[in-house]
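Q: Input: one structure, supplied below.
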Amino acid sequence: MLVYDGPHGRRAARLVEVEAYLGELDPASHAHRGPTPRTTVMFGRPGVAYVYFIYGNHHCMNVVAHLPGVAGAVLLRGAEPLGGVGAGEARADDSRGLAGPGRLARWFGLTIAHTGWDLVRSQLHLREGAPVASRDVVRSARVGITQSLTSEKPWRFAVRGSRGVTR
DNA sequence: CGAATGATCCGA
DNA sequence: CGGATCATTCGA
């Protein structure tokens, strides 16, 4: 789960959908063409946030994750809100969950300013959640990418039946 | 510099 | 389906 002790109080959500991105070897990755000012964070220490802004409208959050010397990240695509402070707003999201990376980032109030935050020690952090049985994990091709690997891999993982998963 | 582009979402 | 709407990147 993801927890943020931010300006709106504590917000927490159970992550139910993620996608994996590589670096240079993955045409769909922002790190595909090597480090740029925006993407250098993906080549650095794992366990920090990489948040980008897209389509002039939406923010999306990644967790930097990779083997030593290789760029990589995990895109957070969906979650289920776990209470929080803004009860009214949280309730509105309860029916639908936080399906989609843009909706997830917006609920947490994340922007590119959060890029580089340490997800172990900062107010924005990951916590281990309840285990999910492997039979409840849906694995599929990634969503919405235009430049894919020559043979697209099933690098999207979602919790079966969760309301926080995109359709 | 200017132009193209995009790991999305919402509404018609 | 198409539009919104801008940070980022690339080519000249």
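The opening position of the first sequence corresponds to residue 222 in my numbering, with each subsequent residue numbered one higher. Heads up, the beta-carbon is just placed ideally off N, CA and C, and yes, glycines get one too. If you're wondering where the values come from, they're calculated on a predicted model, not measured in any experiment.
Helix, strand or coil for Ala334? Go by DSSP, reduced to three states.
A: For the purposes of this step, residue 334 is taken as residue 113 along the first sequence, with counting starting at 1. Helix, per DSSP.
Q: On a Cα-Cα basis, can you pick out the residue from Asp339, Gly255 and Arg298 that is closest to Gly321?
A: Taking the first residue of the first sequence as position 1, residue 321 is located at position 100. Selected option, being the one with the closest Cα: Arg298.
Q: So is Ser355 buried or exposed if we call it buried at 16+ other beta carbons inside 10 Å?
A: Taking the first residue of the first sequence as 1, we reach residue 355 at position 134. With fewer than 16 other Cβ atoms within 10 Å, it is exposed.
Q: Buried or exposed for Tyr276, going by 16 or more other Cβ atoms inside 10 Å?
A: Stepping through the first sequence from its first residue, residue 276 is reached at position 55. Exposed.
Q: From the DSSP output, in three-state form, read off Gly365 for me.
A: Residue 365 sits at position 144 when you count from the first residue of the first sequence. Note: Gly365 maps to coil in three-state DSSP.
Q: Do you know how far the Cα of Ser250 is from the Cα of Ala241?
A: Residue numbering aside, residue 241 sits at position 20 when the first sequence is read from its first letter. Residue numbering aside, residue 250 sits at position 29 when the first sequence is read from its first letter. So the two alpha carbons sit approximately 9 Å from each other.
Q: Counting along the chain, where does the beta strand (DSSP E) carrying Ala234 start and finish?
A: Position 13 of the first sequence, counted from the start, is the residue given in the question as residue 234. Gly230 to Tyr242 is the extent of the beta strand (DSSP E) around Ala234.
Q: Given a cut-off of 8 Å on the beta-carbon distance, is the pair Gly318 and Arg384 in contact?
A: Your numbering for residue 318 matches position 97 in the first sequence. Your numbering for residue 384 matches position 163 in the first sequence. In contact: Gly318 and Arg384 (Cβ atoms closer than 8 Å).
Q: Could you name the residues of the same chain whose beta carbon sits closer than 7 Å to that of Leu331, not counting the 5 residues immediately before and after it, in chain order?
A: Your numbering for residue 331 matches position 110 in the first sequence. Around Leu331: Val272, His280 and Met282.
Q: Leaving out five residues before and five after Gly268 in sequence, what residues of the same chain have Cβ atoms less than 6 Å from its Cβ?
A: Within the first sequence, numbered from 1, the residue matching residue 268 stands at position 47. Around Gly268: Leu340 and Val341.
Q: Mind checking Pro228: buried by the 16 CB within 10 Å criterion, or exposed?
A: For the purposes of this step, residue 228 is taken as the residue at position 7 of the first sequence. The residue is exposed, with fewer than 16 neighbouring Cβ atoms inside 10 Å.
Q: Please report the distance separating the alpha-carbon of Leu302 from that of Gly382.
A: Position 81 of the first sequence, counting from 1, holds the residue named residue 302. Position 161 of the first sequence, counting from 1, holds the residue named residue 382. A small correction: the amino acid at residue 302 is Pro; Leu does not occupy that position in the sequence shown. For Pro302 and Gly382, the distance between alpha carbons rounds to 15 Å.
Q: Which whole-angstrom value describes the C-beta separation of Gly244 and Gly293, a residue pair presumed to lie in contact below a C-beta threshold of 8 Å?
A: Here residue 244 refers to the residue found at position 23 when the first sequence is read from its first residue. Here residue 293 refers to the residue found at position 72 when the first sequence is read from its first residue. Gly244 to Gly293, Cβ: 6 Å. Contact.
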